[in-house]
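Enquirer: What follows is a single structure, and I will ask about it in a moment.
In full-length UniProt numbering, the protein residues as written are 1 to 171.
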């Protein structure tokens, strides 16, 4: 068995889980080993059905659903997503872009960075740089435009440094 689940065994977990209300804090239940196994399985394949998850952990389907719902409600699981091969969707050039910024501009900067589709991830950091971005673009020219025309034009950005990615180990 290859560890994959047939489409007929997959389900939409979000249809079975309550949406977390922003701003409402819940007391988190300490994670046990079963919770950790569930998290590992869903990290590997977020489309697992309750039945497949229950078989892999192994626990009952009702227990699997209840635990996933609790993990979502407690904010441990914050969403379900897909990973895309950037090259297959035309993003043939990737780079980490380190930025030095004025410290008081972080909130405004976040909003501006979220508006740039090529910015796939952003992190506020300590150390030599203040912000690290993962940028995926359609080629070198597109990457150059993002860095020179968009990122460096944002008020409060003092400097950028680009680190070209030759190969993604995760893809």
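Even for Gly, the Cβ is constructed at its ideal location relative to N, Cα and C.
Quantities reported herein were computed from a predicted structural model and do not represent experimental measurements.
Kindly give me the distance between the Cβ atoms of residue 40 and residue 51, rounded to whole angstroms, as I take these residues to be in contact under 8 Å.
Expert: As a position in the chain shown, residue 40 is number 40, starting the count at 1. As a position in the chain shown, residue 51 is number 51, starting the count at 1. Not quite, the Cβ-Cβ distance comes to about 18 Å (not below 8 Å), so this is no contact.
Enquirer: Can you pull the DSSP bridge partners for residue 132?
Expert: Along the chain shown, read from residue 1 onward, the residue named residue 132 stands at position 132. According to DSSP, residue 132 bridges with 98 and 123.
Enquirer: According to DSSP, simplified to helix, strand and coil, what is residue 164?
Expert: For the purposes of this step, residue 164 is taken as the residue at position 164 of the chain shown. Strand, per DSSP.
Enquirer: Leaving out five residues on either side along the sequence, give the residues of the same chain with a beta carbon under 8 Å from the beta carbon of residue 66.
Expert: Here the question's residue 66 lines up with position 66 in the chain shown. Hits under 8 Å: none found.
Enquirer: Using only CA atoms, which one of 129, 38 and 146 lies nearest to residue 159?
Expert: As a position in the chain shown, residue 159 is number 159, starting the count at 1. Out of 129, 38 and 146, 129 has the C-alpha closest to the C-alpha of residue 159.
Enquirer: With distance defined between alpha-carbon atoms, name the residue in 143, 115, 104 and 97 nearest to residue 123.
Expert: Numbered from 1 along the chain shown, position 123 holds the residue referred to as residue 123. Considering only alpha carbons, the answer is 97.
Enquirer: What does residue 93 pair with, by DSSP beta-bridge criteria?
Expert: On the chain shown, residue 93 is found 93 positions in, with the first residue counted as 1. Answer is 137.
Enquirer: Could you check the C-alpha separation between residue 139 and residue 93 for me, to the nearest Å?
Expert: Position 139 of the chain shown, counted from the first residue, corresponds to residue 139. Position 93 of the chain shown, counted from the first residue, corresponds to residue 93. Residue 139 and residue 93: Cα-Cα distance of roughly 5 Å.
Enquirer: Mind reading off the beta-carbon distance from residue 135 to residue 101? Whole number of angstroms is fine, and I expect it under 8 Å.
Expert: Counting from 1 along the chain shown, the entry for residue 135 is found at position 135. Counting from 1 along the chain shown, the entry for residue 101 is found at position 101. That pair is no contact at about 16 Å.
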